[in-house]
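Residue numbers (my numbering): 6 to 856.
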């Protein structure tokens, strides 16, 4: 029995001798398992005999077996012979019991296999098995006190013989062995069972295990190239399984090294900690345990751990882990950050497999900064047809709840979002419910209609183009609306190609303006843009622009003309079609800038208007090795300073991550070098110490290791990378504290116990709506001062509060300061200010044309 078609069900294969078009030979018939207790008989799976297969035992001189020799997961027909008898060869399986193209007699010879001089007793001990988990069957022989194996190299040859010796003799009359992964490292081990020790030199009674491969994990170091051979040591030493990515290098000093382990290690660790897995995985699975990023000087380490692996036995599918953790190692200036993820493994609802259920970020002491939970449901879109009982199920995220705890500093704040979708996966409704604690009016609803909701969109299978986009408050009051028209059509929702040709924006009441119109060429390029005041009947009035593209590729804009109604402004550009960069650019004022590049498309010079020679020149040096073996990169800058051609020279240095670590520039006096931008980074890749500029007198721009002797500003962060403290060279420091949606800031005077301002500071409070930069909107500012309302110093701090108001488009609509002065601002649907009532300026109204 054998699985012939890789459907995880055992089939039956029968060989028989027959006479085909090519003469007497061997053919095969198959019995395919339908999974319902019945077999489908395939009478003869080849159109001819499989040429070259021996028809009798007398000519076999080896063994005929089935094994996957080429990694396609189908069992090939293998004739095992030693080199004296012609060497092994195989006929690749093509499914359902068929092997090769029988007419051509295609087979693959395997070179460099064993040679026993044709001795049948030695060949009988050979077996094929995947020893190193690379998907290819290898050769193994257990004889006497030795194990010999030959690894399959690409399905075309066997590698050199490897031999392992052990202290006792293996006697097949009283012992047996099996290949299996005993230690969960993903590699095959030899397990012996000895029924009885018949001779003194034989293996003792009991179970014995022999590792075929030494597990190299645990040798990862922070030094990367520890032996200075120019190779990544982790890649030299190997990982715990084949075909696993070991390292990545960007060529300029950044190296990423990956270290793997087996999921069994994760399972045993959790069990030892009293958290046994609820589900198990029945085979060894390699998992990424550690990732090191090296910048040329130091390593940044991230560790991973996994919990509750799940394997679906019915579908024969490994679905990952129910939860996982990522630990980003820190140091004294930026502590460890631990992020935990929870996933749905599809145990209850298969369609939800792999969906994120929760995420939380915390410090090394398990104090949580914030967490998010995600709620999912499913919707049946289509029933199975043609006897297929499976349905098409759409998994959709209905809500997200974020809890901001800030390590327990203050009462937690919760924010909530709700979502709706159409049947094609487009998000049609986003409800931002903002802060759930009382006293906040920060709800916003965004509704978007897509082309999938219109017949023409379905007919053209253009499903994701927005047709109408609206923003309202929780009661449905409109704040903004935008309508999109496509392909020259004047009706909403009519679409054929998906080129947006007109956009309408709501202003107020029932008033809309045409804010944008566009024309396209046959290649989908925008060739004309019309502003709201353009009148097609009076084209001479201007208010539009035209764009030309290159005639060869129709990709690069070569000319832009702006029609003002009185004159035409023209800008031109010439491109290098190979690199896609601008060679020269003539501005609207008629002046031309000329650019030059190297073979990699990097800018090497600029000639600005009025200069006969280059104005600025650039030079590049990558992955230059320093005396201590570290790598550095730099960019030279030569800025023209006189009409005669003198230049001001400087050089900027970068590490393997592309971060600037130093700038060296000519000083005011001969031989003087100004060293600036010197910085040291912490374990979280953020600036730790930023050094003040200092002078050198060696007249060289070449890299010199920083002395780190000049004064510096030292920075401290929380695990999220937010700055907590900045210490000035003289010891004074500023400080920031975080509470849920609250930030307290103290400057150097306010943290100095000897200062009259000690204890003062600023307190910033945000609401639950995010602006277009992803930050919360500032709603209150508390100025904590030691000055009274009359301007005189006071001992106990006083708090002056200013409160800010916004509309749903994040426009500031007013404030009330600590003296109860109020300012009010109003806007139209385009965000244009239409009214202001200012306590100093009085009332002002604004009116606009459509542009």
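We treat Cβ as the ideally placed atom computed from N, Cα and C, and that holds for glycine.
| field | Residue range of the unbroken alpha helix (DSSP H) whose run includes residue 274 | value | Counting from 1 along the chain shown, the entry for residue 274 is found at position 269. Per DSSP, residue 274 belongs to the alpha helix (DSSP H) from 268-277.
| First and last residue of the uninterrupted alpha helix (DSSP H) at residue 462 | The sequence position of residue 462 within the chain shown is 457, counting from 1. That run of the alpha helix (DSSP H) goes 460-465.
| message | Does residue 412 come out as helix, strand or coil in the three-state DSSP assignment? | response | Walking along the chain shown from the start, residue 412 turns up at place 407. Three-state DSSP puts residue 412 in a helix.
| field | Burial state of residue 103, where buried means 16 or more other Cβ atoms lie within 10 Å | value | Along the chain shown, one-based indexing puts residue 103 at 98. It is buried - the Cβ of residue 103 has at least 16 other Cβ atoms within 10 Å.
| query | Which residue comes first and which comes last in the beta strand (DSSP E) that contains residue 551? | reply | Start at 1 with the first residue of the chain shown, and residue 551 comes out as number 546. Run containing residue 551: 549-554, per the beta strand (DSSP E) assignment.
| query | Is residue 456 helix, strand or coil by DSSP? | reply | To locate residue 456, count along the chain shown from 1; it is residue 451. Residue 456 falls in the helix class under three-state DSSP.
| Taking all protein chains shown into account, do 16 or more other C-beta atoms lie within 10 angstroms of the C-beta of residue 126, making it buried, or fewer, making it exposed? | Working through the chain shown from its first residue, we reach residue 126 at position 121. Exposed.
| What residue from 58, 87, 91, 89 has the CA that sits closest to residue 81's CA? | Numbered from 1 along the chain shown, position 76 holds the residue referred to as residue 81. Answer by Cα proximity: 58.
| field | Those residues which DSSP pairs with residue 810 across a bridge | value | Mapped onto the chain shown, residue 810 falls at position 805. Under DSSP, residue 810 takes part in a beta bridge, and its partners are 819.
| message | How far does the beta strand (DSSP E) with residue 667 in it extend, from its first residue to its last? | response | The count along the chain shown starts at 1 and reaches residue 667 at position 662. Taken as a continuous stretch (DSSP letters only), the beta strand (DSSP E) holding residue 667 covers 665-671.
| task | Return the first residue and the last residue of the alpha helix (DSSP H) that residue 711 is part of. | result | To locate residue 711, count along the chain shown from 1; it is residue 706. Per DSSP, residue 711 belongs to no alpha helix (DSSP H) and is neither H nor E.
| Cutoff 7 angstroms; reference residue 300; Cβ partners in own chain excluding five residues on either side | Position 295 of the chain shown, counted from the first residue, corresponds to residue 300. Excluding sequence neighbours, residue 300 sits near 258, 259, 660, 661, 662.
| Within this structure, are the beta carbons of residue 751 and residue 736 separated by less than 8 angstroms? | Locating residue 751 in the chain shown gives position 746, where the first residue counts as 1. Locating residue 736 in the chain shown gives position 731, where the first residue counts as 1. Not a contact, by the Cβ cut-off of 8 angstroms.
| Span separating the alpha-carbon of residue 195 from that of residue 626 | Taking the first residue of the chain shown as position 1, residue 195 is located at position 190. Taking the first residue of the chain shown as position 1, residue 626 is located at position 621. Whole-angstrom Cα-Cα distance: 53 angstroms.
| message | Please classify residue 343 as buried or exposed, where buried requires at least 16 other C-beta atoms within 10 Å of its C-beta. | response | The count along the chain shown starts at 1 and reaches residue 343 at position 338. So residue 343 counts as buried.
| field | Exposure of residue 282, with buried meaning 16 or more beta-carbon neighbours within 10 Å | value | In the chain shown, residue 282 corresponds to position 277, counting from 1. Residue 282 comes out buried.
| task | Check the C-beta distance from residue 694 over to residue 717 and give it rounded, since I have them as a contact under 8 angstroms. | result | Looking up residue 694 in the chain shown gives position 689. Looking up residue 717 in the chain shown gives position 712. With 8 angstroms as the limit, residue 694 and residue 717 qualify as a contact, their Cβ atoms being about 5 angstroms apart.
| Thinking C-beta only, is residue 819 closer than 8 angstroms to residue 445? | Here residue 445 refers to the residue found at position 440 of the chain shown. Here residue 819 refers to the residue found at position 814 of the chain shown. No. Outside cutoff.
| Which term fits residue 618, buried or exposed, when burial requires 16 or more other beta carbons within 10 angstroms of its beta carbon? | The residue labelled residue 618 in the question sits at position 613 within the chain shown. Exposed is the call here.
| request: Can you say whether residue 380 is buried or exposed, counting buried as having 16 or more other CB atoms within 10 angstroms of its CB? | output: On the chain shown, residue 380 is found 375 positions in, with the first residue counted as 1. Exposed.
| request: Would you kindly check if the distance between the Cβ of residue 504 and the Cβ of residue 529 is under 8 angstroms? | output: As a first step, residue 529 must be located in the chain shown, where it is residue number 524. As a first step, residue 504 must be located in the chain shown, where it is residue number 499. One thing to note: residue 529 has its Cβ within 8 angstroms of the Cβ of residue 504.
| query | Beta-carbon separation of residue 4 and residue 539 under 8 angstroms? | reply | Missing from the structure shown is residue 4; the chain here goes from 6 to 856 and no further.
| field | Helix, strand or coil at residue 546 [DSSP, three-state] | value | Here residue 546 is taken as the residue at index 541 of the chain shown, counted from 1. Helix, per DSSP.
| request: Kindly identify the DSSP beta-bridge partner or partners of residue 692. | output: Translated into positions along the chain shown, residue 692 becomes position 687. DSSP, once it has assigned bridges, lists 686 as partnering residue 692.
| Is it true that the CB of residue 813 sits closer than 8 angstroms to the CB of residue 476? | One-based indexing of the chain shown puts residue 476 at position 471. One-based indexing of the chain shown puts residue 813 at position 808. Contact annotation: residue 476 and residue 813 have beta-carbon atoms nearer than 8 angstroms.
| request: State the Cα-Cα distance for the pair residue 642 and residue 667, rounded to the nearest angstrom. | output: Locating residue 642 in the chain shown gives position 637, counting from the first residue. Locating residue 667 in the chain shown gives position 662, counting from the first residue. Approximately 14 angstroms, taken between the alpha carbons.
| query | Along the chain, where does the beta strand (DSSP E) that runs through residue 377 open and close? | reply | Reading the chain shown from its first residue, position 372 is the one you call residue 377. It spans 373-387 - the beta strand (DSSP E) in which residue 377 sits, taken as one unbroken run.
| query | Three or more C-beta pairs closer than 8 angstroms, one from the region 94-101 and one from the region 68-84: is that the case here? | reply | Taking a cut-off of 8 angstroms for Cβ pairs, the region 94-101 and the region 68-84 touch, as three or more such pairs fall below it.
| task | Would you tell me roughly how many angstroms separate the C-alpha atoms of residue 527 and residue 396, rounded to the nearest one? | result | Position 522 of the chain shown, counting from 1, holds the residue named residue 527. Position 391 of the chain shown, counting from 1, holds the residue named residue 396. Spanning the two alpha carbons is a distance of roughly 41 angstroms.
| Coarse secondary structure for residue 570, derived from DSSP in three states | Locating residue 570 in the chain shown gives position 565, where the first residue counts as 1. Coil at residue 570, not helix or strand.
| What separation, rounded to the nearest whole angstrom, lies between the Cα atoms of residue 511 and residue 249? | Start at 1 with the first residue of the chain shown, and residue 511 comes out as number 506. Start at 1 with the first residue of the chain shown, and residue 249 comes out as number 244. Near 55 angstroms, if we compare the C-alpha coordinates of residue 249 and residue 511.
| query | If you check the beta carbons only, do residue 671 and residue 655 fall under 8 angstroms apart? | reply | Within the chain shown, the letter at position 666 stands for residue 671. Within the chain shown, the letter at position 650 stands for residue 655. Yes, the Cβ-Cβ distance between residue 671 and residue 655 is below 8 angstroms.
| query | How do the region 773-783 and the region 437-454 stand: do at least 3 beta-carbon pairs fall below 8 angstroms, yes or no? | reply | Segment contact: the region 773-783 against the region 437-454, three or more CB-CB distances shorter than 8 angstroms; contact assigned.
| said: Distance check for residue 263 and residue 238, CA to CA, integer angstroms please. | reply: In the chain shown, residue 238 corresponds to position 233, counting from 1. In the chain shown, residue 263 corresponds to position 258, counting from 1. At residue 238 the pLDDT is 43, less than 50, meaning the model places this residue with poor confidence; the figure from the coordinates comes in the next sentence. For residue 238 and residue 263, the distance between alpha carbons rounds to 11 angstroms.
| query | Which residue comes first and which comes last in the beta strand (DSSP E) that contains residue 701? | reply | Position 696 of the chain shown, counting from 1, holds the residue named residue 701. Following the DSSP letters along the chain, one finds residue 701 inside the beta strand (DSSP E) bounded by residues 699-701.
| query | With a Cβ-Cβ cutoff of 8 angstroms, do residue 500 and residue 467 count as a contact? | reply | If you number the chain shown from 1, residue 500 lands on position 495. If you number the chain shown from 1, residue 467 lands on position 462. Yes; because the gap between Cβ atoms is below 8 angstroms, this pair is in contact.
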